[in-house]
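Shown next, in structure tokens, is the structure this report addresses.
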DNA sequence: CAGCGGCTGTCAGGCCGCTGTCAGGTCGAA
DNA sequence: TTCGACCTGACAGCGGCCTGACAGCCGCTG
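Chains as they are written, first to last, in my numbering: chain P, 186 to 408; chain V, 186 to 408.
Structure representation (structure tokens):
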């Protein structure tokens, strides 16, 4: 899960980043309004945490522009204390949830998780694709009901494929989601992870479309 | 367990805080109505102890506002002696329990515990996970029926893991609950607590998922 | 006040699971 | 056949995690 944190207060931003990283999100932060708008418009995020008071370009304006451009990722807006008008405006502008400052990090994380789940079209902590099931609470993976032990990195890969199980994910997008552009790994790192996962899951779960990317097999023929 | 004490009499407030801290609550106090409303609206508490006579904003008004905003944490209202109208109003406003002043600290603590248990969806004071049992009344821990002596910090760790035993708790979340954001400890402090607990409980009780966090083992294989 | 003991955070050291890289091998497409 | 995308086993380094030791703090006791 890739999340963009737009917050100009560096202390809050780093706290947010730490909390979200603990929740297995991959976090990028941005303190400038113009840059935030550009990032949200061009990059693929699973969630955006958006502060309203920003230099150069206001958060509400950013959000409206994204929506009018068809960007539909879930956006969690941070509002100032008691600023009721901001809430209304934020929801009008297309926010999916809001959280008044100051807030507890656990609550933010909980709402972030809920938004990501909701955007994946699932209200439950269980996500399924074919014979594979992810439990986002326990961070466990089961295959045909049998538990499979996976590492944190492997889980993040599966989790992302699960969220976008309706399409094929190019290797570049996966690399970007697992690591980020800044500390880029070679493409082979991803292939290594895939190989290890296949050894655990068997074939017929993690599919490849040569030249396009990876995906989760929707159904597993034969029992 | 995090509790907010709203009381403008500083002496009563400090007594309350001392008693609740003895009962392993993490206590925050507040003497001002406006501030209390704000805190309860934005922070996550497991319990609020609310005095009705407050400067700037009346306790009942605060409570009504919280409820209308969807804040559903348990609230224990302190009423003046014999003011039965306040009781009715308090319950109408959404109080979960009330206690007439003056009261015995033991009774307050008992009711506080009961409220927290009820809100956690458990009617009993016993909470179990695998071979481990917590008695939230007596703050004792037993392993396979054998009492185990744990410190206050260790108990709070176990208590939090017990409350969320359906999922994996990241180290950051545990640190935040044990200490709070303000006085942060190094991650190693948590690891030290875990090591000491394991020495007391043996292996197979407090589990680690590398890269994810800690959890209570649901079952203990072999007797 | 001095001594003592329990509690707990920090430090240093070490283990080992995780993971990126490398050097090949395999397979599909043109 | 050739090329490049992809797979795979081996391996080494890193870092998450564990642990014993130590010191500071605090309450208790004499």
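C-beta atoms are modelled at their ideal positions from N, C-alpha and C, and glycine is treated no differently.
Source: prediction; values computed, not measured.
| query | result |
| --- | --- |
| Interface residues of chain P facing residue 397 of chain V [CB-CB closer than 7 Å] | 324 and 337 |
| Closest residue to residue 230 of chain P among P:258, P:223 and P:384 (Cα-Cα distance) | P:258 |
| Residue 427 of chain P vs residue 227 of chain V beta-carbon contact at 8 Å | Since the displayed chain P opens at 186 and closes at 408, residue 427 of chain P lies outside it and no answer follows. |
| Residues within the region 240-260 of chain V neighbouring chain P, beta-carbon criterion of under 7 Å | none |
| Burial state of residue 331 of chain P, where buried means 16 or more other Cβ atoms lie within 10 Å | exposed |
| 8 Å Cβ cutoff, residue 302 of chain P in contact with chain V | no |
| Span of the beta strand (DSSP E), counted from its first residue to its last, around residue 283 of chain V | 282-285 |
| Alpha-carbon spacing of residue 366 of chain P relative to residue 215 of chain P, whole angstroms | 14 Å |
| 6 Å CB neighbourhood of residue 309 of chain P in its chain, flanking five on each side removed | Low confidence applies here, because residue 309 of chain P scores a pLDDT of 47, under 50, leaving its location unreliable and the question unanswered by this model. |
| Residue 376 of chain P at chain V interface by Cβ criterion, 8 Å | no |
| The beta strand (DSSP E) enclosing residue 381 of chain V, as first and last residue numbers | Residue 381 of chain V -> not in any beta strand (DSSP E); alpha helix (DSSP H) instead, spanning 372-386. |
| 8 Å contact criterion, which residue 409 of chain V and residue 297 of chain V should meet: CB distance rounded | This structure gives no information on residue 409 of chain V, because the portion of chain V shown stretches from 186 to 408. |
| Cross-chain neighbours of residue 353 of chain V in chain P, by beta carbon under 7 Å | 323 and 324 |
| Pairwise C-alpha distance: residue 203 of chain V and residue 400 of chain V | 30 Å |
| Between the CA atoms of residue 343 of chain P and residue 328 of chain P - distance to the nearest angstrom | 12 Å |
| Minimum length 4: unbroken alpha helix (DSSP H) runs contained in the region 212-246 of chain P | 218-227 |
| Close beta carbons around residue 392 of chain P, own chain, < 8 Å, minus the five adjacent residues each side | 399, 400, 401 and 402 |
| CA-to-CA distance, residue 207 of chain V to residue 219 of chain P, given in whole angstroms | 51 Å |
| Interface flag, residue 332 of chain P vs chain V, CB-CB below 8 Å | no |
| Contact list for residue 289 of chain P against chain V, beta-carbon separation under 7 Å | 228 and 229 |
| Under 9 Å by beta carbon: chain P residues contacting residue 358 of chain V | 204, 207, 208, 290, 291 and 294 |
| Environment of residue 292 of chain V [buried if 16+ CB atoms lie within 10 Å] | exposed |
| Partners in chain V for residue 403 of chain P, counting only beta-carbon separations shorter than 9 Å | Near residue 403 of chain P there are no residues of chain V at all, since even the closest Cβ is about 27 Å away, more than 9 Å. |
| Interface flag, residue 371 of chain V vs chain P, CB-CB below 8 Å | no |
| Residue 392 of chain P - partner residues in DSSP beta bridges | P:400 |
| Run of the alpha helix (DSSP H) containing residue 195 of chain V, from where it starts to where it stops | 195-207 |
| Inter-residue Cα distance where the pair is residue 339 of chain P and residue 382 of chain P | 7 Å |
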